[in-house]
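From first to last, the protein sequence lines stand for chains A and B.
Residue numbers for the first sequence follow our numbering, beginning at 56 and rising by one.
Residue numbers for the second sequence follow our numbering, beginning at 22 and rising by one.
All C-beta atoms in this analysis are idealised placements derived from N, C-alpha and C, irrespective of residue type, glycine included.
These notes concern the structure reproduced below.
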Amino acid sequence: EDKVVQSPLSLVVHEGDTVTLNCSYEVTNFRSLLWYKQEKKAPTFLFMLTSSGIEKKSGRLSSILDKKELFSILNITATQTGDSAIYLCAVAGTASKLTFGTGTRLQVTL
Amino acid sequence: DVKVTQSSRYLVKRTGEKVFLECVQDMDHENMFWYRQDPGLGLRLIYFSYDVKMKEKGDIPEGYSVSREKKERFSLILESASTNQTSMYLCASSPWGGWGQGEYGYTFGSGTRLTVV
């Protein structure tokens with residue numbers, strides 16, 4: 056059975072801090088790892104990672120995958136209150152089915 | 022703008038009622054999924070479908086059934102709602118084969134928050 060574990064479960068930081076969110080996985084026939092951000096409604100796509108060691112970057116967010124150690128990290132630099140959300144990690148194994156972790160709830164305070 | 026639309030944002034039902042949650046996508050996607058999301062448990066897959074009239078059980082199908090009579094519509098049915106089915110329900114879709122260049126995994130609906138009393 057595919058499995059995704061995210062840590063920490065929740066995190067409170069001050070605006071301007073840098074945070075690192077972790078995601079480890081066990082999956083049969085790994086295809087890709089995805090990160091989503093969920094505020095009040097539907098999760099929105101952040102990154103898709105398929106190759107080890109290649110950093111994906113979007114503004115203050117970046118992510119990297121280690122397929123040997125079976126984990127990924129999501130970094131957010133210079134955090135803002137608008138970054139407060141649940142961050143979801145998911146892996147795609149067999150076919151198109153995604154297995155999600157429990158998510159990390161990030162709260163950024165002033 | 023492509024969309025996955027869930028018919029209700031909030032729903033309150035009584036124990037024992039039959040409940041229908043509707044999901045419609047306008048992207049001509051083959052794959053559709055129903056998840057429920059609970060605090061501390063993340064998103065758990067209930068059912069998914071790769072094609073019209075086709076369905077597969079996910080990780081927690083007990084107490085649920087689904088219907089996919091048309092490609093764009095995937096319905097989740099709670100035959101006899103119970104209080105432990107109080108949850109946020111998320112529908113998602115994706116193209117056949119998952120995703121390739123330019124594709125981004127799932128597209129999610131906005132969710133239906135179901136309360137069973």
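Cβ-heavy atom distance, residue i to the ligand ADP, below 7 Å
{"i": "residue 90 (chain B)", "result": "With respect to the ligand ADP, the structure offers nothing, as it holds no ligand at all."}
Contact list for residue i against chain A, beta-carbon separation under 9 Å
{"i": "residue 84 (chain B)", "result": "Here the premise fails: no neighbours, minimum Cβ distance about 20 Å."}
{"i": "residue 66 (chain B)", "result": "152, 153, 154 and 155"}
Chain A residues whose Cβ lies nearer than 7 Å to that of residue i
{"i": "residue 127 (chain B)", "result": "153"}
{"i": "residue 131 (chain B)", "result": "96 and 97"}
{"i": "residue 69 (chain B)", "result": "152"}
For residue i, the first and last residue of its enclosing beta strand (DSSP E)
{"i": "residue 59 (chain B)", "result": "52-59"}
{"i": "residue 40 (chain B)", "result": "40-46"}
{"i": "residue 142 (chain A)", "result": "140-147"}
{"i": "residue 132 (chain B)", "result": "No beta strand (DSSP E) holds residue 132 (chain B); DSSP gives it neither H nor E."}
{"i": "residue 113 (chain B)", "result": "108-115"}
{"i": "residue 81 (chain B)", "result": "Note, residue 81 (chain B): premise wrong, no beta strand (DSSP E); not H, not E."}
Cβ distance (whole Å) where residue i is taken to contact residue j below 8 Å
{"i": "residue 89 (chain A)", "j": "residue 140 (chain A)", "result": "About 15 Å; that fails the 8 Å criterion."}
{"i": "residue 163 (chain A)", "j": "residue 70 (chain A)", "result": "6 Å"}
Chain A residues whose Cβ lies nearer than 8 Å to that of residue i
{"i": "residue 61 (chain B)", "result": "64 and 157"}
{"i": "residue 111 (chain B)", "result": "97 and 98"}
Listed by chain order, chain B residues near residue i by CB distance under 9 Å
{"i": "residue 143 (chain A)", "result": "63 and 64"}
{"i": "residue 125 (chain A)", "result": "Those do not exist, as residue 125 (chain A) stays about 18 Å from chain B at its closest Cβ, beyond 9 Å."}
Contacts that residue i makes with chain B (C-beta to C-beta distance below 7 Å)
{"i": "residue 104 (chain A)", "result": "Ordered by position in chain B, no residue passes the 7 Å Cβ test against residue 104 (chain A), which lies about 11 Å from the chain."}
{"i": "residue 89 (chain A)", "result": "126"}
Tell me the start and end of each unbroken beta strand (DSSP E) in the region 70-132 of chain A that is at least 3 residues and wholly inside, in chain order. Secondary structure remark: continuous beta strand (DSSP E) runs of at least 3 residues inside the region 70-132 of chain A, in chain order: 74-81, 87-93, 99-104, 111-113, 116-121 and 126-131.
contact_flag[the region 62-82 of chain A, the region 94-103 of chain A] where n(CB pairs < 8 Å) is 3 or more: By the criterion of at least three beta-carbon pairs nearer than 8 Å, the region 62-82 of chain A is not in contact with the region 94-103 of chain A.
Is it true that the region 62-82 of chain B meets the region 30-43 of chain B, where meeting means three or more beta-carbon pairs spaced less than 8 Å apart? The region 62-82 of chain B vs the region 30-43 of chain B: no contact.
Taking 8 Å as the threshold, find out whether the region 124-134 of chain B comes into contact with the region 98-113 of chain B through three or more Cβ pairs. Contact between the region 124-134 of chain B and the region 98-113 of chain B is present, because at least three Cβ pairs lie under 8 Å.
When you compare the region 100-109 of chain A with the region 54-68 of chain B, are there three or more beta-carbon pairs, one atom per stretch, that lie closer than 8 Å? These segments do not touch.
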